[in-house]
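Undergrad: Protein chains in written order, with this note's numbering: chain S, 1 to 111; chain W, 112 to 288; chain A, 289 to 719.
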Amino acid sequence: MHAMLDISTLHYLVLGAALFLLGVIGVLTRRNVVIVLMSIELILNAVNLNLVAFSRYWQGIHGPSALHGQVFAIFVITDAAAEAAVGLGILIAFFRNKETVNVDEVNLLKW
Amino acid sequence: MNPPVATPFFFYLLAATMIIGGILVITRKNAVHSALALITTLLAQAGLYLMLYAPFVAGVQIILYAGGIMVLFLFVIMLISIERAQKERQFNKQWLIGIVAAAALGGLFIAVYTTTTKGRVLFPEGRMSYGESDNTQRIATLLFDLHSGTYMFAFEIASLLLLVAIIGAVVMAKKRI
Amino acid sequence: MHEFIQYILSYLGNETQTPGAAGNIFWATVYILLVFVGLSVAVICMNWLERKILAHMQVRLGPMRVGPHGLLQPIADALKLLLKEDIIPAEADAIVFWVAPFIVVLAAFTVFVVVPFGPTHAITDMNIGILFMLGVSSLSVLGIVTAGWASNSHYPLIGALRSSAQMVSYEVAMGLAVVTAIMMTSLGTEGGTLSMIGIVQAQQAQGVWFIFKFFPLGLIAFAIFAIAMVAETNRAPFDLPEAESELTAGFHTEYSGFRWSLFFLAEYSAMIAVSSIAVTLWLGGWLRPFPNTLTGPTWDLVFSLFPGITFLFLAAMCFYSTARMPKHPLFRIQTIGLAGFGVVLAGIGLILFIPGVRVRIVDIFWFSAKVAGFMYLYIWYRGTFPRYRFDQLMKVGWKILLPTGLTLMILTAVVGMRAELWAQVQEVLHR
């Protein structure tokens, strides 16, 4: 019980792993493209949580300037914005052609 | 330096919010409900960043993720007709294999996080933790400083990436190129 | 029990920190309640002031019946809104319909956690103060988009999409103007900071309000922010998305009664919030006017008498109106009410002359006076300017404000670097 009450790095890592799993389930099982993209955002957030938790862990060892994890997290957020914009652009282009938002109907190149 | 207040309570509250939000994102039929659940998850994540003494990342998360990317998602959900998709089948044909794969991944995570080598845990507790009063200034030093800025090049590349993404999104979404 | 009283008293001797920074939860809660009550009173006053001032600008009188000179009109409006029937459209998504005003009010009120009414008179002082304020006020776009969507009707949807496109466009211009002001905080001895209290202290240390710094760069940055903040809050002349003659009230068409009053409350709170940002960044926050030319203890004393003088002036106007009330017996209650209100205002004014109260209130007074000036400007714009058409609105946001903001940012950086290098050269030469 005492181990559960003392919030350590491991708590954040387990939470990040749980979110990652939820995102992976979302990507692998849903048909709606928008929800798949939102699950990818969940995955990226889980990664960010890991990075910032490790940055805190490193601060305890190397001093208050060891903020590399936080800077990396900022770059990941920037990346996620760019990817969401392009992904949604592709979705709009596809929707204009085929009038559907389901991933398994994207099969025009199937033999 | 001020000690944090009621840390386990807030951690478990925010963690529960995030997990419930995540489950709602992947199980709702209505995409707008999923988007709202994702917004809740992102705001709870910003709270967790504050608990990890990372206020700048929390601020960036609120502005960019919750205030920018989710607005983009909501706009696109409104532009495509989502009512017809609500009545169709929601989960695809290989959902069972997907869940098995995710369970295997979960098993791998549990195996990694419970490893102990010679009685030592994988991530022992660090020593003294530092406050947040000059967090922004230190991140700025890492990003921009002339002598110790290790991420200046990555910053410039990120701005180039954003430019490419803007052009790409505009070209993709136009009716006639 | 004894430790609790010790806990409460331990903050009272603390002169250098806000209760949030000092970790004192009790006083932080007290400050939160004070800000909440003050904000509600301010929104009620804004309602009355808007109708009266707009009316006087349009050569008519405005509400005169409900109380003396319509002073009880906001209370009557609030009662009516609370008692109205709560209608939800038939096909509307009930959960999202309920959540949308909640998001907008949440975003509008959470911003006030970092607004600095004085060097220690804020709820807390975050390291990322201005970033937090910009971020949380951008969450209100989400509320508007979901409100328009959930109403399941054409006018709200078009209004919501237009409103959110407008808000997102002008957020970019606002952000650039804010970055220009933040760059000015890094000049001088202190080093740059994003914290709201730190920004005002930087203006104090550099001895100049940022609106006058590197003239005219500070002034143009302030002008860009002032235009963008009017568009950000969907007020005239940028109120196409919610104008009655165009879109039948836009995204809040289907909301009635209490839900509409939540949107109304959020809109006025957002106005006060962005005005606080403008006052903190450019107009020196809680600092009194002319800190450099009129220095010295006598001038400090004169300027600290202003709160009491303001309330006595308001009381004098009340008494003058009482004397001009019609002498008809039906007006007796209104006359007595107005005289009583004047007596209350005079009492507050006299309390504000006591030296102990005066020294604590003077910061809050100057901040509130500057924000009140901005509120008057909002009402003035509404009475004066015609509405922008939507394509003109987007053109102003993207093609005029954004390039000006970028140029200004680069010019401020160049001029600031020159000033810094010149100061370092002077220091080396005169050593």
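Yeah, the Cβ is synthetic: ideal placement off N, Cα and C, and Gly gets one too.
Listed in chain order, which residues of the segment 43-54 of chain S have Cβ atoms closer than 8 Å to some Cβ of chain W?
TA: Listed in sequence order: N45, N48, L49, V52, A53.
Undergrad: For chain W, is any of its Cβ atoms less than 9 Å away from the one on I383(A)?
TA: Answer yes: the Cβ-Cβ gap between I383(A) and chain W drops below 9 Å somewhere.
Undergrad: Where does S145(W) land, buried or exposed, given buried means 16+ other C-beta within 10 angstroms?
TA: By the neighbour-count rule (16 or more Cβ atoms within 10 Å), S145(W) is buried.
Undergrad: Can you give me, in chain order, the residues of the segment 92-107 of chain S that have a beta carbon less than 8 Å from any beta carbon in chain W?
TA: Listed in sequence order: I92, A93, F95, R96, T100, V101, N102, V103, D104.
Undergrad: Is any beta-carbon of chain A found at less than 9 Å from that of H258(W)?
TA: Output row for H258(W): interface = no.
Undergrad: Could you tell me the distance, in whole angstroms, from the CA atom of N522(A) to the CA atom of A448(A)?
TA: The alpha-carbon atoms of N522(A) and A448(A) are separated by roughly 11 Å.
Undergrad: Check for me: the alpha helix (DSSP H) holding P444(A) runs from which residue to which?
TA: P444(A) -> alpha helix (DSSP H) spans 442-473.
Undergrad: Need the endpoints of the alpha helix (DSSP H) that I40(S) sits in, please.
TA: Per DSSP, I40(S) belongs to the alpha helix (DSSP H) from 33-62.
Undergrad: With respect to the alpha helix (DSSP H) encompassing I268(W), which residues constitute its N-terminal and C-terminal limits?
TA: Per DSSP, I268(W) belongs to the alpha helix (DSSP H) from 263-284.
Undergrad: Could you tell me whether any Cβ in chain W is nearer than 9 Å to the Cβ of T284(A)?
TA: The question about residue 284(A) has no answer here: the residues shown for chain A are numbered 289 through 719.
Undergrad: Which bits of chain W does I90(S) rub up against, with CB to CB less than 8 Å?
TA: Per Cβ cutoff of 8 Å: M283.
Undergrad: For R576(A), which of A453(A), W654(A), I512(A), G635(A) has the nearest alpha-carbon?
TA: Nearest option by C-alpha distance: W654(A).
Undergrad: To the nearest angstrom, report how far apart G69(S) and G132(W) are at their CA atoms.
TA: So the alpha carbons of these two residues sit roughly 25 Å apart.
Undergrad: Hey, how far is the Cα of G431(A) from the Cα of V187(W)?
TA: About 16 Å.
Undergrad: Quickly, what does DSSP pair N102(S) with across the bridge? List them, please.
TA: Answer by DSSP bridge pairing, in chain order: N32(S).
Undergrad: Here's a check: name, in chain order, each residue in its chain whose Cβ is nearer than 7 Å to the Cβ of V401(A), leaving out the five neighbours to either side.
TA: The answer, listed in chain order, is I411, T412.
Undergrad: Which residue wins for smallest C-alpha separation from I749(A), given the options M283(W), I150(W), A280(W), Y160(W)?
TA: Here chain A has residues from 289 to 719 only, and residue 749(A) is not among them.
Undergrad: With C-beta atoms as the reference, is I43(S) less than 9 Å away from L19(S)?
TA: Yes; because the gap between Cβ atoms is below 9 Å, this pair is in contact.
Undergrad: How is F202(W) classed by DSSP in three states: helix, strand or coil?
TA: Strand, per DSSP.
Undergrad: By the 10 Å Cβ neighbour count, where 16 or more other Cβ atoms means buried, how is R137(S) classified, buried or exposed?
TA: There is simply no residue 137(S) to check, as chain S begins at 1 and stops at 111 in what is shown.
Undergrad: List the residues of chain W that W437(A) touches, going by C-beta distances under 7 Å, in chain order.
TA: The contacting residues are V143, M189.
Undergrad: Between G644(A) and L600(A), is the Cβ-Cβ spacing less than 9 Å?
TA: Cβ distance not < 9 Å, so G644(A) and L600(A) don't count as in contact.
Undergrad: Who are the Cβ neighbours of M613(A) in its own chain at under 8 Å, not counting the five residues just before and after it?
TA: Excluding positions up to five away in sequence, the list reads P356, F619, Q622, T623, L626.
Undergrad: Please list the terminal residues of the continuous alpha helix (DSSP H) segment that includes G630(A).
TA: Segment 620-639, the alpha helix (DSSP H) holding G630(A).
Undergrad: Which residues in chain A have a C-beta closer than 7 Å to the C-beta of T247(W)? List them in chain order.
TA: The answer, in chain order, is N415, I416, L482.
Undergrad: For the segment 445-463 of chain A and the segment 496-504 of chain A, state whether three or more C-beta atom pairs, one from each stretch, are separated by less than 8 Å.
TA: No, the segment 445-463 of chain A is not in contact with the segment 496-504 of chain A.
Undergrad: Rounding to the nearest angstrom, what Cα-Cα distance links F629(A) and M605(A) in this structure?
TA: Cα to Cα, F629(A) sits roughly 11 Å from M605(A).
Undergrad: Show which residues of chain S have a CB atom less than 8 Å away from the CB atom of V182(W).
TA: Residues of chain S passing the Cβ test: none, with the nearest at roughly 11 Å.
Undergrad: With three or more beta-carbon pairs closer than 8 Å as the criterion, would you say the segment 164-177 of chain W touches the segment 71-84 of chain S?
TA: They touch, by the three-pair rule.
Undergrad: Which same chain residues, not among the five before or five after I376(A), have their C-beta less than 7 Å away from its C-beta?
TA: A382, F385, listed in sequence order.
Undergrad: If you check the beta carbons only, do G436(A) and L445(A) fall under 9 Å apart?
TA: Contact: yes.
Undergrad: Along chain A, in chain order, which residues have C-beta atoms closer than 7 Å to that of G333(W)?
TA: With chain W covering 112 to 288 only, the question about residue 333(W) has no answer from this structure.
Undergrad: Would you tell me roughly how many angstroms separate the C-alpha atoms of L273(W) and D256(W), rounded to the nearest one?
TA: Straight-line Cα distance between these residues: approximately 22 Å.
Undergrad: Can you give the Cα-Cα distance for T261(W) and A269(W), rounded to whole angstroms?
TA: Roughly 14 Å between the two C-alpha positions.
Undergrad: Ordered along the chain, which non-local residues of its own chain (more than five positions away) have a Cβ less than 7 Å from that of G693(A)?
TA: Excluding residues within five positions, the ones whose Cβ falls inside 7 Å are A461, L464, A465, I512.
Undergrad: Using a Cβ-Cβ cutoff of less than 8 Å, which residues in the same chain neighbour M776(A) once the five nearest sequence positions on both sides are dropped?
TA: Residue 776(A) is absent from the model: chain A starts at 289 and stops at 719.
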